[in-house]
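Trainee: Below you will find the structure I want to go over with you.
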Amino acid sequence: MSDNQNLLAEQRRALILDEVRRRGGVRVNELTRKLNVSDMTVRRDLDALARQGVVEKVHGGAVPVVEASSHEPGFEAKSGLELGAKEAIARAAAKLVTPGSAIALSGGTTTYSLAHRLLDVPDLTVVTNSVRVADVFHTAQRRPGAQSRDGAATVVLTGGVRTPSDSLVGPVADRAIGSLHFDMLFLGVHGISVEAGLSTPNLAEAETNRQFVRSARRVVVIADHTKWGTVGLSSFASLEDVDTLVTDAGIPEVLRAEIAEYLSDLVVAGETDTDADS
1 MSDNQNLLAE QRRALILDEV RRRGGVRVNE LTRKLNVSDM TVRRDLDALA
51 RQGVVEKVHG GAVPVVEASS HEPGFEAKSG LELGAKEAIA RAAAKLVTPG
101 SAIALSGGTT TYSLAHRLLD VPDLTVVTNS VRVADVFHTA QRRPGAQSRD
151 GAATVVLTGG VRTPSDSLVG PVADRAIGSL HFDMLFLGVH GISVEAGLST
201 PNLAEAETNR QFVRSARRVV VIADHTKWGT VGLSSFASLE DVDTLVTDAG
251 IPEVLRAEIA EYLSDLVVAG ETDTDADS
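First residue of the sequence shown? That's 1 in UniProt numbering, and the numbers climb one at a time after it.
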């Protein structure tokens, strides 16, 4: 794979991580041949992935760090991961929003980043089950002079039971969401794959997300490249249910080709016309 020799480090590491997850482990000498780079470069990449906690180094290579499919990290634990990617995704996703529309934002740290980018979009109706997302709009509207600002968003926070990621789920949230209709849903995910589709480790959140998908005319998944290949306990939608995937430039070409087989609209933040002026 000689055309990979000039890959950015982040893209190369995404390829390595995909290979580790797909095969259950890789050897350094295999990666040097596949990527056409030195063994020192591969070892540095494996060191970086090990520090992120996504692979475990073993003699001569690496294996995946396998979390229980029901493990759900808290909001704070996830908020410090892939910050640059989340900001780029939020900028690109915000460009899809039309003033005056009714949108839904699910829970998650990427939708939280997007919420900050939507503060200046006028006349939105925002429905969310994320306490953090609702707080973004609430805090902005309490700033001096904000109360008189025309076009401030109308924010609807569903009720429900709070999860470790500060989302509200369960029957109360499901009924509220199921009675509404959104122009667009922005959906954060724990994991995304061809086989499992969109998944989460939280069973109640899976059902709430199903209600979100059913109530939206357009479903936009916003997920950084590390989410690809991750599978949670419960699937709540297939790739065919997704209209648009907004991801970051860390996703390698081999995965883009795979995604394109299932999704007609792939937005790579920073590399598309919609994000060119960010």
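Cβ atoms here follow ideal geometry from the backbone N, Cα and C, with glycine treated the same way.
In angstroms with no decimal places, state the Cα-to-Cα distance between S179 and V26.
Mentor: Cα to Cα, S179 sits roughly 48 Å from V26.
Trainee: Where are the beta strand (DSSP E) runs, 3 residues long or more, that stay fully inside the stretch 125-165, in chain order?
Mentor: Within the stretch 125-165, the complete beta strand (DSSP E) runs of at least 3 residues are 125-128 and 154-157.
Trainee: Less than 8 Å between C-beta atoms, sequence neighbours within five positions excluded: which residues of the same chain meet that for A260?
Mentor: Around A260: L266.
Trainee: Our contact map puts T247 next to I89 with C-beta atoms below 8 Å; I'd like the distance itself, whole angstroms only.
Mentor: Going by Cβ atoms, the distance from T247 to I89 rounds to 7 Å, so yes, they are a contact pair.
Trainee: Run the CB neighbour count on A115, radius 10 Å, all protein chains shown included, and call it buried at 16 or more, exposed below.
Mentor: Looking at its Cβ environment, which holds 16 or more other Cβ atoms inside 10 Å, A115 is buried.
Trainee: By Cβ distance below 8 Å, which residues in the same chain neighbour H138 in space, the five residues on each side in sequence not counted?
Mentor: Once the five neighbours on either side are set aside, the close Cβ partners of H138 are V155.
Trainee: Whole alpha helix (DSSP H) runs in the UniProt domain "HTH deoR-type" (9-64) with 4 or more residues, listed along the chain?
Mentor: Listed in chain order, the complete alpha helix (DSSP H) runs (minimum 4 residues) inside the UniProt domain "HTH deoR-type" (9-64) are 9-23, 28-35 and 39-51.
Trainee: Could you give the distance in angstroms between the alpha-carbon of S199 and the alpha-carbon of R13?
Mentor: Cα to Cα, S199 sits roughly 23 Å from R13.
Trainee: Scan the stretch 210-261 and note each continuous beta strand (DSSP E) run of 3 residues or more that stays entirely inside, going in chain order.
Mentor: As far as the stretch 210-261 is concerned, its whole beta strand (DSSP E) runs of at least 3 residues are 219-222, 234-237 and 244-247.
Trainee: Mind checking P252: buried by the 16 CB within 10 Å criterion, or exposed?
Mentor: So P252 ends up on the buried side.
Trainee: Can you tell me which of the three DSSP states T200 falls into?
Mentor: DSSP places T200 in strand when its eight states are reduced to three.
Trainee: Would V221 and V254 be called neighbours here (beta carbons separated by less than 9 Å)?
Mentor: No.
Trainee: Using CA atoms only, rank isn't needed, just tell me which of N29, T125, K34 and D47 is closest to T98.
Mentor: Measuring from the Cα of T98, the nearest candidate turns out to be T125.
Trainee: Since G108 is in the beta strand (DSSP E), which residue starts that stretch and which ends it?
Mentor: Segment: none, G108 is in no beta strand (DSSP E) and carries neither H nor E.
Trainee: If you reduce the DSSP assignment to three classes, tell me which class V194 lands in.
Mentor: V194: coil per DSSP, three-state reduction.
Trainee: For P201 and H190, I'd like the C-alpha separation in whole angstroms.
Mentor: Taking the straight line joining both Cα atoms gives about 7 Å.
Trainee: Measure the alpha-carbon distance for R43 versus G160 and round it to whole angstroms.
Mentor: Roughly 46 Å between the two C-alpha positions.
Trainee: Tell me the DSSP secondary structure of L263 in three-state form.
Mentor: In this structure, L263 counts as coil in the three-state DSSP scheme.
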